[in-house]
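So the structure is just underneath, and the comments pick up after that.
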Amino acid sequence: DNLSSHTSPRAVKCIEQAGASVLYLPPYSPDLNPIEKIFSKVKSFLRSAAARTQAELYDAIAFALETITPTDCRNVFRSCGYRLRET
């Protein structure tokens with residue numbers, strides 16, 4: 176996303192010092208933003224969990240987040256067109 180704190184000169188400098196380059200997404204492009212696909216998976220899980228109390232909701236969120244694997248993360252980045260180095 177293009178949140179101002181993500182595009183600040185300080186953030187850009189930190190990214191570049193880590194050996195990465197900054198690529199800006201077009202506005203309103205959730206199909207290119209991997210976190211949106213993860214949010215979609217979590218929301219789908221939460222709908223099926225049908226939590227009725229705040230405690231149940233917190234537990235369901237924790238469980239939903241635990242179901243996201245490194246493979247899921249790699250796959251959503253790839254589906255958004257990002258090329259990843261194999262480790």
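To convert, take the position in the sequence shown, counting from 1, and add 175; that gives our numbering. Even glycine gets a Cβ: it sits at the ideal position worked out from N, Cα and C.
*In whole angstroms, what is the alpha-carbon distance linking Asn250 and Leu198?*
In the sequence shown, the residue the question calls residue 250 occupies position 75. In the sequence shown, the residue the question calls residue 198 occupies position 23. Answer to the nearest angstrom: the Cα atoms are 19 Å apart.
*Grab me the residues of Ala226's own chain with a C-beta within less than 6 Å of its C-beta, minus the 5 sequence neighbours each way, in chain order.*
Within the sequence shown, numbered from 1, the residue matching residue 226 stands at position 51. Only Leu232 and Ala235 meet the Cβ criterion.
*With DSSP as the reference, label Arg258 as helix, strand or coil.*
The count along the sequence shown starts at 1 and reaches residue 258 at position 83. In the structure shown, Arg258 sits in coil (DSSP, three-state: anything other than H, G, I, E or B).
*Identify, in the order they occur along the chain, each residue of the same chain with its Cβ nearer than 6 Å to the Cβ of Cys255, setting aside the five sequence neighbours on each side.*
Locating residue 255 in the sequence shown gives position 80, where the first residue counts as 1. Leu207 and Pro209.
*Residues of its chain near Phe252, where Cβ-Cβ distance is below 7 Å and the 5 sequence neighbours each way are ignored*: Working through the sequence shown from its first residue, we reach residue 252 at position 77. Counting only Cβ-Cβ distances below 7 Å, and skipping sequence neighbours, we find Pro209 and Leu259.
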